[in-house]
Amino acid sequence: MNEELIISGRMNPYIDPHLEVWEWQIPLYLFLGGLAAGLLFFAAYFVMTGKEKKYPTTVKYGPIVAFIAISVGLIALLLDLKHPLYFWQLYTTIRIDSPMSWGAWVLLIITFVALIWIFSYLKEAFPKYNCKIGFISKLMGIFIEETGDSWEWKYPWLKTFEKYAQNNRYAWAWVMAVLSVILGVYTGILLSAFNARPLWNTAILGPLFLTSGFSTGAAMLMIMSKSHEERLSYSRIDLFLIVIELFFITHLFMGFLASSQVKVEAAHYFMGGEFTVTFWVNVIILGLVLPAILEAMELLKYKIPVIIPGLLILWGGVMFRFIMVEAGQIIRYLY
Amino acid sequence: MRYGMAIDTKKCVGCSDCVVACQTENNIPHGYARDWISETVSGTYPELTLEIRSERCNHCDNTPCVRTCPTGASHVIEGGIVKVTHEECIGCGACVESCPYDARYFHPDGYVDKCTFCDHRVKNGQDPACVSVCPTYCMYFGDLDDPNSEVSKKIATRKTKVLAPEAGTKPQIFYLI
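Okay, structure coming up:
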């Protein structure tokens, strides 16, 4: 047996004994970013294909949840920075080599596109002005006024803008669809760009995080929707996405096992090593296989409360990102 | 001009003088370090071998830290020295994640800090602080492009290795083994 022991006199915070630069903020953001990407993509897709009548929740309320998710995610990203007041430096340059740079730009742009989308559907989403939350009610009171049964914008430029947004929904849907795919892929590429971290440095992480993000988006819409038809079609979509995700995860580990020594060791962390139980129980069984079975049963006309597979998928999505970020920082090159 | 280092693992005794010299020279906050000592024991008792190395940023030719920096704070200056502009650093941690040597750390003031090859000393023709204090003279600093520099001669005549070459970073600190 050949053993190697490394002793280091260095004890830099966040670096030693193992890297812990990214704590809860980044995985939380990766989850929320993927969720928002999924929600926005489905909204855009069903407008592009002219099925907005069949998917009212997706088109009207999905983007609102996505906007909230992005906002919370942005706050998490800001909290992650050790120099938070300098965040604006991100927007003084575009560096194509750095996923974080173009990711930050995409995030900024898609937030505005989502806002325009929400704006164009606001009257349909909330036909009556009866907001119970005090500060939102006051805030909206600046811009709108009640007119009998419904409400109207106070200022003519808001009306003009609303008309413009409503007339160009199809074009905005295309913009939002493309941006949401980039946002979803970005959450994976952010990690896969680091060749120093063997677990992350694989090209399949982009498509894997995209699929997982879309799957959590579909799960969210499944929970939110009140129409049986809409729910059932998201069950079908989610089942399909879960199968793809399982394929990608299989490929991920097959790729590791067929690669260099550090990557083989990275795979072993999940196959007998310290992340085995956490990963297989939370991500594979609770987050993918069990909801897939429940959804398949629902499609076979069994009565399944939709909240159960929905929450399981969201749980799997959260855990997947937390495990990947944590494990990725522990698995490193040894020399 | 390409600055680099050769470190003789046969002569290094792991005294940590280089670490202290760096902390003093560069005002490193208490509890932090830009360079450090690694000891590797390999083999099976009683046939054991010990290797002691003084490690720091490798000032790589292929710099993942500069590539992943979203603001351009991480950059390469003349001579291949990798530096961080403190005023441009937002402390996102991307460069820390991208370094296979874990050579970067967060300064308590919020920016990322790392070895600069003591460029303020090198500019004046002096060696970096760590090299200048080494009691066993096991470190050599100089221009790798110049075949007559001491560091180039050491690398040419001795067997060398670099750390984690499989990470693809082309490190410029050579360990004489």
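Chains as they are written, first to last, in this note's numbering: chain A, 1 to 335; chain B, 1001 to 1177.
Don't be surprised by glycine CBs; every beta carbon is placed ideally from N, CA and C.
{"Check": "Beta-carbon contacts of A/Leu299 that lie in its chain and below 8 Å, excluding the five residues immediately before and after", "Outcome": "Leu232, Ser235, Arg236 and Leu239"}
{"Check": "Enclosing beta strand (DSSP E) for A/Ala203 [first to last residue]", "Outcome": "It is not in any beta strand (DSSP E) - A/Ala203 carries neither H nor E in the DSSP assignment."}
{"Check": "B/His1107 (DSSP reduced to helix, strand or coil)", "Outcome": "coil"}
{"Check": "For B/Gly1110, the nearest candidate out of B/Asp1102, B/His1086 and B/His1120 (CA to CA)", "Outcome": "B/His1086"}
{"Check": "Partner residues on chain B for A/Asn12, Cβ-Cβ distance less than 7 Å", "Outcome": "Tyr1032, Ala1033 and Tyr1105"}
{"Check": "Whole beta strand (DSSP E) elements within the stretch 95-167 of chain A, 3-residue minimum", "Outcome": "144-147 and 150-153"}
{"Check": "Rounded distance between the beta-carbons of A/Ala218 and A/Leu314, thought under 8 Å", "Outcome": "The pair is not a contact, with the Cβ atoms about 11 Å apart (cut-off 8 Å)."}
{"Check": "Sequence ranges, alpha helix (DSSP H) only - wholly within the stretch 239-319 of chain A, length at least 4", "Outcome": "261-268 and 290-299"}
{"Check": "Closer than 7 Å at the beta carbon, the chain B residues around A/Lys82", "Outcome": "Gly1091, Phe1106 and Gly1110"}
{"Check": "CB contact flag (B/Cys1057, B/Tyr1101, <9 Å)", "Outcome": "yes"}
{"Check": "Burial state of A/Gln261 (16 or more Cβ within 10 Å)", "Outcome": "exposed"}
{"Check": "Option in B/Thr1009, B/Thr1063, B/Lys1159 and B/Ile1081 with minimal Cα separation from B/Arg1121", "Outcome": "B/Ile1081"}
{"Check": "B/Lys1161 (DSSP reduced to helix, strand or coil)", "Outcome": "strand"}
{"Check": "Other residues of its chain near A/Met1: CB distance less than 8 Å, five sequence neighbours each side excluded", "Outcome": "Residue placement at A/Met1 is poorly supported in this model, since its pLDDT is 38, which falls under 50; the coordinates still yield a value, given next. Counting only Cβ-Cβ distances below 8 Å, and skipping sequence neighbours, we find nothing."}
{"Check": "Buried/exposed call for B/Phe1141, threshold 16 Cβ in 10 Å", "Outcome": "buried"}
{"Check": "Those residues which DSSP pairs with B/Leu1050 across a bridge", "Outcome": "B/Val1041"}
{"Check": "Beta-ladder partner(s) of B/Glu1055, from DSSP", "Outcome": "B/Trp1036"}
{"Check": "Supposed close pair A/Phe209, A/Trp200 - CB separation, criterion 8 Å", "Outcome": "The pair is not a contact, with the Cβ atoms about 11 Å apart (cut-off 8 Å)."}
{"Check": "For B/Val1203: DSSP bridge partner residues", "Outcome": "With chain B running from 1001 to 1177 in the structure shown, residue 1203 of chain B is simply not present."}
{"Check": "Below-9 Å beta-carbon distance, B/Cys1102 vs any chain A residue", "Outcome": "What sits at residue 1102 of chain B in the sequence shown is Asp, not Cys. At least one chain A Cβ lies under 9 Å of B/Asp1102."}
{"Check": "CB contact check: B/Val1019 to chain A, cutoff 9 Å", "Outcome": "yes"}
{"Check": "C-beta neighbour in chain A for B/Thr1116, strict 9 Å", "Outcome": "no"}
{"Check": "Test: A/Thr93 CB closer than 9 Å to a CB of chain B", "Outcome": "yes"}
{"Check": "Beta-carbon neighbours of B/Ile1037, restricted to chain A and to distances below 9 Å", "Outcome": "Ile7, Ser8, Gly9 and Arg10"}
{"Check": "Neighbouring residues, chain A, relative to B/Glu1166 (Cβ below 8 Å)", "Outcome": "Ser260, Val262 and Tyr333"}
{"Check": "Coil, strand or helix - A/Tyr14 by DSSP", "Outcome": "coil"}
{"Check": "6 Å CB neighbourhood of A/Trp151 in its chain, flanking five on each side removed", "Outcome": "Tyr129 and Ile144"}
{"Check": "Contact set for A/Asp16: own chain, Cβ-Cβ below 8 Å, skip 5 residues either direction", "Outcome": "Ser8 and Arg10"}
{"Check": "Below-9 Å beta-carbon distance, A/Met1 vs any chain B residue", "Outcome": "With a pLDDT of only 38 at A/Met1, under the threshold of 50, the placement of this residue in the model should not be trusted, and no figure is reported."}
{"Check": "Below-9 Å beta-carbon distance, A/Ile109 vs any chain B residue", "Outcome": "no"}
{"Check": "Exposure of B/Asp1113, with buried meaning 16 or more beta-carbon neighbours within 10 Å", "Outcome": "buried"}
{"Check": "Where B/Gly1168 falls: helix, strand or coil (DSSP)", "Outcome": "coil"}
{"Check": "Chain A contact residues for B/Pro1070, given Cβ-Cβ distances below 7 Å", "Outcome": "Leu90, Arg95, Ser98, Met100, Ser101 and Ala104"}
{"Check": "Under the three-state DSSP convention, the category A/Val325 falls into", "Outcome": "helix"}
{"Check": "Rounded Cβ spacing between B/Met1139 and B/Ser1074 (contact assumed at less than 8 Å)", "Outcome": "About 25 Å separates the two Cβ atoms, so there is no contact after all."}
{"Check": "Within-9 Å CB hit, B/Val1096 to chain A", "Outcome": "yes"}
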